[in-house]
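In what follows, a single structure is set out as structure tokens and then discussed.
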Amino acid sequence: MKTRYYHLPRLTGVDALRLDEREVPAPRPREVLVRMRAWSLNYRDLMIASDAYGRVLKPDVVPLSDGAGEVVDAGSEVTRWREGDRVAGIFMPGWLSGPPAARKTAGALGGPADGVLAEYVLFDEEALVAAPAHLNFAETATLPCAAVTAWHAVAVTGGLAPGQSVLTLGSGGVSLFALQFAALGGARVLATSSDDAKLERLRSLGATDGVNYARTPDWGRLVAEATGGGVDHVVEVGGAGTLPQSLEAVRVGGRISLIGVLARGGGADPSSVLLKGVTLQGMFVGSREMFEQMNRAIEHHRLRPVVDRAFPFAEAPAAYWYFAGRGTSGRWSSRTSDDERRLTGRLLTLPKGEGRRCPRQPGRRAERDAPRPASDERKGTDPHERRRSPGRAEGLLQRRRGRIRPALRGARSPAGIADCRR
Numbered sequence: 002m003k004t005r006y007y008h009l010p011r012l013t014g015v016d017a018l019r020l021d022e023r024e025v026p027a028p029r030p031r032e033v034l035v036r037m038r039a040w041s042l043n044y045r046d047l048m049i050a051s052d053a054y055g056r057v058l059k060p061d062v063v064p065l066s067d068g069a070g071e072v073v074d075a076g077s078e079v080t081r082w083r084e085g086d087r088v089a090g091i092f093m094p095g096w097l098s099g100p101p102a103a104r105k106t107a108g109a110l111g112g113p114a115d116g117v118l119a120e121y122v123l124f125d126e127e128a129l130v131a132a133p134a135h136l137n138f139a140e141t142a143t144l145p146c147a148a149v150t151a152w153h154a155v156a157v158t159g160g161l162a163p164g165q166s167v168l169t170l171g172s173g174g175v176s177l178f179a180l181q182f183a184a185l186g187g188a189r190v191l192a193t194s195s196d197d198a199k200l201e202r203l204r205s206l207g208a209t210d211g212v213n214y215a216r217t218p219d220w221g222r223l224v225a226e227a228t229g230g231g232v233d234h235v236v237e238v239g240g241a242g243t244l245p246q247s248l249e250a251v252r253v254g255g256r257i258s259l260i261g262v263l264a265r266g267g268g269a270d271p272s273s274v275l276l277k278g279v280t281l282q283g284m285f286v287g288s289r290e291m292f293e294q295m296n297r298a299i300e301h302h303r304l305r306p307v308v309d310r311a312f313p314f315a316e317a318p319a320a321y322w323y324f325a326g327r328g329t330s331g332r333w334s335s336r337t338s339d340d341e342r343r344l345t346g347r348l349l350t351l352p353k354g355e356g357r358r359c360p361r362q363p364g365r366r367a368e369r370d371a372p373r374p375a376s377d378e379r380k381g382t383d384p385h386e387r388r389r390s391p392g393r394a395e396g397l398l399q400r401r402r403g404r405i406r407p408a409l410r411g412a413r414s415p416a417g418i419a420d421c422r423r
């Protein structure tokens, strides 16, 4: 039987993405065949398509690391899964548990190894996790990269505890999940954005304080003053462009989890690290063990990522263009036949519940001719949005009155290609 898949014959941008057919693969003794039902886009997927990822990739690579589906066949020696199980692949199939090592992290899905943007995908039986019982395929597809990265940073290495203070940057996928997880753990969460409306949405997800960095270029100093000396932990997704301010915002002896490279800049002064005794640690997603631990927490707290946009599977390039053009906070997911499979994306700024309708997305020309986004979409340096230069006006720390809400109902996750049938 023929099935469809996407691949990148050349790494020259989204236009190089090709949809082709191939035979449905047969599983070997310890492999599982998964019918993919939803996929999710991350910023790294744009980098890979444009040959900006900085790693050697498999020739003609199948893109995307994130997806969810159901088991339809299994090899003769498979014991972990059976037909009908709802599953998601892990980002690095070789990293099952323990600390990272070169041999464990060498084969990340979607680059350098083949990814999951196909109707049927083979996985080693050890490279899958069970989907949280209360999540649909679209919601599950948003978890493998951004959610696991945030969990690794906040809960595994960050020593999350009630009363801890955590700073998240922007409204991107990792930042949103980090906010949600930190709030669930009873932390005080401070968040940044260039848009007051987005800060209100971040508060609704559990942030207790918000800083508009477009009005406050020296937001690190403001955060340090507001917390009496700095936050315990910064989830740093901007890179060189935001690290100096993150170093200003963190307390003496605090921690900065280095995750993103979105904002360009001149770099940080090493003396800030030395004088403050700050721990800097790079985060590269996480292991299967972390994924399973995170899923148990998600189930226990009934946390629900929300997907706000949808694209048919055959229009995956349009999903890429939309994701790149809006600089959104998230990822994408999809399904098998044209009437079932939808690639969806999540935007923090869209009305609640918008993603459940899975509207048909106009073609690239319609996107190009659409009205330009508001000023916040064009300027500033929000890490998971379009790169911008910060505004010059003074900013104020905006504090939400009242207690933090530990149970985050309807919590938002990053953008995704989503399953809209459920």
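Using this note's numbering, you'd call the opening residue of the sequence shown number 2 and step up by one each time.
Even glycine gets a Cβ: it sits at the ideal position worked out from N, Cα and C.
Under the 10 Å beta carbon count, Pro313 is surrounded by 16 or more other beta carbons and is classified as buried. Only residues of its own chain outside the window of five on either side were considered, and among them Ser172, Leu180, Ala192, Ser194, Gly211 have a CB closer than 7 Å to the CB of Leu203, listed in chain order. In the assembly as shown, Lys3 is an exposed residue. Its beta-carbon has fewer than 16 other beta-carbons within 10 Å.
Measuring C-alpha to C-alpha distances from Ile260 to each of Val279, Val253, Met284 identifies Met284 as the nearest. Between Phe124 and Glu32 a beta carbon distance of about 7 Å is seen, short of the 8 Å cut, so the two are scored as contacting.
Around the beta carbon of Asp115, a 10 Å sphere encloses 16 or more other beta carbons of the protein chains shown; the residue is thus reported as buried. With fewer than 16 neighbouring CB atoms inside 10 Å of its own CB, His135 falls in the exposed class. Exclusion of the five residues before and after His234 leaves Gly159, Val167, Arg256 as the residues of its chain whose Cβ lies within less than 6 Å of its Cβ.
For Thr193, the uninterrupted beta strand (DSSP E) segment begins and ends at 189 to 194. Ranking Thr150, Asn296, Gly85, Val130 by CA distance to the CA of Pro101 puts Thr150 first. Ser172 sits in coil when the DSSP states are folded into three classes, being neither helix nor strand.
Counting along the chain, Leu259 sits inside the beta strand (DSSP E) bounded by residues 251 to 259.
Residue environment: Val57 is assigned as exposed (fewer than 16 neighbouring CB atoms within 10 Å of its CB, all protein chains considered). With contacts defined as CB atoms closer than 9 Å, Leu20 and Leu42 fail to qualify as a contacting pair. Residue pairing by DSSP places Asn213 opposite Ser194 in a beta bridge. The beta carbons of Arg289 and Leu97 sit closer together than 9 Å. For His8, the enclosing beta strand (DSSP E) covers residues 3 to 8.
Partner residues in the beta bridge of Tyr121, as assigned by DSSP, are Arg36.
The alpha carbon of Val155 has as its nearest neighbour, out of Glu140, Arg189, Ala128, the alpha carbon of Arg189.
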